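K.L.:
Everything in the sequence shown is counted per the working numbering, starting at 92 for the first residue and increasing by one.
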Amino acid sequence: IYFWVLKPAAKGYMAVVPEGARVSVGNFISNATSPIRFANCLLQLNFKGAGKELARLLLNSTFGVAGLFDVSKDVFHISKQDEDFGQTLGFWGLKPIFFIEWPLFGPSSLRDTVGMTGDSFFDPHSYFLRSYSAYFGVTVFEKVNQTSLTIGVYEDLIQAALDPYVAVRDAYFQYRENKIKER
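Here you go:
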């Protein structure tokens, strides 16, 4: 799906929407989903991180024009706490179990797939977008926007690998374990 649907859609989107606007869209989405990161900081007993996420939400929502600009990072030097429920489950000792390659969401594990479901309870989109098709549409748009800003990363990884599946799996597991351990 990446090469036949997502990448062509992202390239078309890149041709129409300038990079600055795509970055602002990403900032807006990040700001809107800050309750996910805030809740997961609390669930991981990371109260300082939760405070940073709350400060980011307030600063970016007001001075950042509804989150279009990341003033909390650029002006106040408050970094995003990149936490999700998959990491929370890992923090509390749940192992990844096995690797899954989802067609739209990309690489994952059983733990992180359960984590995506858990995150949906803290995601404001879940409450404002009542129909599944609207929620799915927003999710696809988020993925296209994100891909438009990172085109080439996936290609570089699989081109350098002897076995692309193993390379993606191992890179994913290593990345996620590092996210759980960092603080």
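Beta carbons: idealized from backbone N, C-alpha and C, even for Gly.
Predicted, not measured: the structure shown is a model, and the values here were computed from it.
DSSP puts Trp193 in a beta bridge; with which residues?
P.N.:
Beta-bridge pairing links Trp193 to Gly197.
K.L.:
At the level of alpha carbons, what is the spacing between Gly158 and Lys164?
P.N.:
Going from the Cα of Gly158 to the Cα of Lys164 covers about 12 Å.
K.L.:
Going by beta-carbon coordinates alone, are Phe176 and Gly209 separated by less than 8 Å?
P.N.:
Yes, these two residues count as a Cβ contact at 8 Å.
K.L.:
Can you name the start and end residues of the alpha helix (DSSP H) that Phe232 belongs to?
P.N.:
223–241 is the extent of the alpha helix (DSSP H) around Phe232.
K.L.:
What ranges does the alpha helix (DSSP H) occupy inside the segment 135–222, keeping only unbroken runs of at least 4 residues that lie completely in it?
P.N.:
Here the runs fully enclosed are 138–153, 162–165, 176–182, 201–211, 215–219.
K.L.:
Is the Cβ-Cβ distance between Gly181 and Ile271 less than 8 Å?
P.N.:
Contact: yes.
K.L.:
By how many angstroms is the C-alpha of Phe160 removed from the C-alpha of Leu195?
P.N.:
Approximately 27 Å between the Cα atoms of the pair.
K.L.:
Between the C-alpha atoms of Asn137 and Val229, what's the straight-line distance to the nearest angstrom?
P.N.:
Their backbone Cα atoms lie some 29 Å apart in a straight line.
K.L.:
Within the continuous alpha helix (DSSP H) that includes Leu253, where are the two ends?
P.N.:
Note, Leu253: premise wrong, no alpha helix (DSSP H); not H, not E.
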